[in-house]
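Student:
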């Protein structure tokens, strides 16, 4: 049942307790002083100490203080035997570091119950500590996995936006934790065409990073001979479904631009893209297709064609820009449109300002709770940076 050490300077008391506790199954060792008790505790492991409060060398307070100050014995349960029955003595026992106390003359059955309770509590504490240590170990492994996944995801996401002739491209990427379910990238196509795509998979951890890694691969090789964004999304859907068979899905949007300002756009269950016209009009480009990965064929996917004049811009974003704001007043993409800053000056700061505007609109300024990714494509033939830092569309 456990090993008990009894420290009491009275021989009769030691023998009585030793005999009684041995009868109920404990292995009992006795000593006659506080110093001897400390020597035994350092020499051998014990499950509990029964300590007489008043002894000639070291009293119970001094022994408890020594036990609690030593890491080797700090967690040892201690039951103090005291001949006093006042509240002050009880408080003194507990302040000295005792777990419990028993007033003399000792009731052996009561002491046995208290010993069983303390031994059981100590066993539970040891089990909890072991579990916590195991959790810390797994947490360290999980953090290492997240950091490794972050390195992979950061390598996949383009660190430098593309530089298509006649366009400026700025991006915002902010995962909730080290890695997220958002992804964007670009690819240069033939005939001076450039493809920009954005996707949002479920989740935030390593599983989400694996999803997005696969998504990046699929967009990369399906775009090699694709004729349009709708064709790209259809092919990505076919290959993604062939892997997961409807057990995984994501939203996505794809745009192809050329140097003359022509834009082809298609979306699959993604938040509507926004055309920001230079004169101030805001046009929403809704996604017409279903989620990617639900079925072998992507239903209702089709291209939309637009011509962008100088100063016009296209905004692609994930719903984490607005729906990731915690609070009572949930925001929508309509709030995002209302919060849009002026894209005609300092486009490099546009996405950051949009994020700040949406935070200000949230109730009580709560923190964001989702990944957020945005890409702004602005139509320029030439960019001239003024002394103020603003940009002007040149002819």
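Numbering (this note's numbering), first residue to last: 448 to 842.
Cβ atoms here follow ideal geometry from the backbone N, Cα and C, with glycine treated the same way.
Predicted model, so just to flag it, every value in this text is computed and none were measured.
(1) Residue 495 and residue 449 - do their beta-carbons sit closer together than 9 Å?
(2) Quick one: residues in its chain with C-beta nearer than 7 Å to the C-beta of residue 500, no 5 flanking neighbours on either side, listed in chain order?
(3) Flag this pair as yes or no: are the beta carbons of residue 655 and residue 626 separated by less than 9 Å?
(4) Are the Cβ atoms of residue 803 and residue 619 separated by less than 9 Å?
(5) In angstroms with no decimal places, state the Cα-to-Cα distance between residue 643 and residue 755.
(6) So residue 680 packs on residue 748, CB below 8 Å; how close in whole Å?
(7) Between the region 544-551 and the region 560-576, do three or more beta carbon pairs fall short of 8 Å?
(8) Could you check whether residue 720 and residue 677 sit closer than 9 Å to each other, using their CB atoms as the reference points?
(9) Rank 669, 641, 823 and 686 by C-alpha distance to the C-alpha of residue 793 and give the top, closest one.
(10) When you compare each of 525, 603 and 522 to residue 665 by their alpha carbons, which one comes out closest?
(11) Can you give the Cα-Cα distance for residue 781 and residue 726, rounded to whole angstroms?
(12) When you compare only the Cα positions, how much space is there between residue 714 and residue 646?
(13) Whole beta strand (DSSP E) runs in the region 693-777 with 3 or more residues, listed along the chain?
(14) What is the rounded straight-line gap between the Cα of residue 589 and the Cα of residue 732?
(15) Whose C-beta lies closer than 6 Å to the C-beta of residue 455 among residues of the same chain, with five residues either side of it excluded?
(16) State the CB to CB distance for the pair residue 617 and residue 786, rounded to an integer number of angstroms; the pair is presumed to be in contact (CB under 8 Å).
(17) So, is residue 632 buried or exposed, given that buried needs 16 or more other C-beta atoms within 10 angstroms?
(18) If I follow the unbroken beta strand (DSSP E) through residue 658, where does it start and stop?
(19) Taking the Cβ atom as the reference point for each residue, do residue 815 and residue 767 lie within a distance shorter than 9 Å?
(20) Assuming residue 741 contacts residue 693 under a Cβ cut-off of 8 Å, what Cβ separation, rounded to an integer in Å, is found between them?
(21) Is residue 843 buried or exposed, if buried means 16 or more other CB atoms sit within 10 Å of its CB?
(22) Short of 7 Å in beta carbon distance, which residues of its chain neighbour residue 817, apart from the five on each side in sequence? Order them along the chain.
(23) Start and end of the beta strand (DSSP E) containing residue 821?
(24) Evaluate residue 709 with the Cβ neighbour count: other Cβ atoms within 10 Å of its Cβ, from every protein chain shown; 16 or more gives buried, anything less gives exposed.
(25) Using only CA atoms, which one of 653, 716 and 639 lies nearest to residue 703?
(26) Within 10 Å of its beta-carbon, does residue 691 have 16 or more other beta-carbons around it, so buried, or fewer, so exposed?
(27) Quick check on the DSSP output: the beta strand (DSSP E) that includes residue 525 runs from which residue to which?
Tutor: On the basis of the supplied data:
(1) Closer than 9 Å, so yes.
(2) Answer for residue 500: 506, 507, 527, 528, 529 and 540, listed in chain order.
(3) Yes; because the gap between Cβ atoms is below 9 Å, this pair is in contact.
(4) No, the pair does not count as a contact, with Cβ atoms beyond the cut-off.
(5) If you take the alpha carbons of residue 643 and residue 755, they lie about 16 Å apart.
(6) Under the criterion of beta carbons closer than 8 Å, residue 680 and residue 748 qualify as touching, at roughly 5 Å.
(7) Contact between the region 544-551 and the region 560-576 is present, because at least three Cβ pairs lie under 8 Å.
(8) No; because the gap between Cβ atoms is not below 9 Å, this pair is not in contact.
(9) Residue 823 is the option with its Cα nearest to residue 793.
(10) If we check each option's Cα against that of residue 665, 603 comes out closest.
(11) Each residue's alpha carbon lies about 19 Å from the other.
(12) The alpha-carbon atoms of residue 714 and residue 646 are separated by roughly 10 Å.
(13) Fully enclosed beta strand (DSSP E) runs of 3 or longer: 697-705, 709-715, 720-723, 729-732, 751-754 and 760-764.
(14) Taken atom to atom, the span from the alpha-carbon of residue 589 to that of residue 732 is near 39 Å.
(15) So the qualifying residues of the chain are 461 and 499.
(16) Between residue 786 and residue 617 the Cβ distance is about 17 Å, and since that is not below 8 Å, they are no contact.
(17) Residue 632 should be labelled buried.
(18) Run containing residue 658: none in the beta strand (DSSP E); it sits in the alpha helix (DSSP H), 653-669.
(19) Going by C-beta atoms, residue 815 is nearer than 9 Å to residue 767.
(20) Right, the Cβ-Cβ distance comes to about 6 Å (below 8 Å), so this counts as a contact.
(21) Any question about residue 843 goes unanswered here, given that the chain covers just 448 to 842.
(22) In its chain, beyond the 5 residues on either side, 623, 767, 770 and 771 have a beta carbon closer than 7 Å to the beta carbon of residue 817.
(23) For residue 821, the enclosing beta strand (DSSP E) begins and ends at 819-826.
(24) Residue 709 is exposed by the Cβ-count criterion.
(25) Residue 703 has its Cα closest to that of 639, out of 653, 716 and 639.
(26) Counting the other CB atoms within 10 Å of its CB gives residue 691 a total below 16, which places it among the exposed residues.
(27) Residue range 525-529 is occupied by the beta strand (DSSP E) that includes residue 525.
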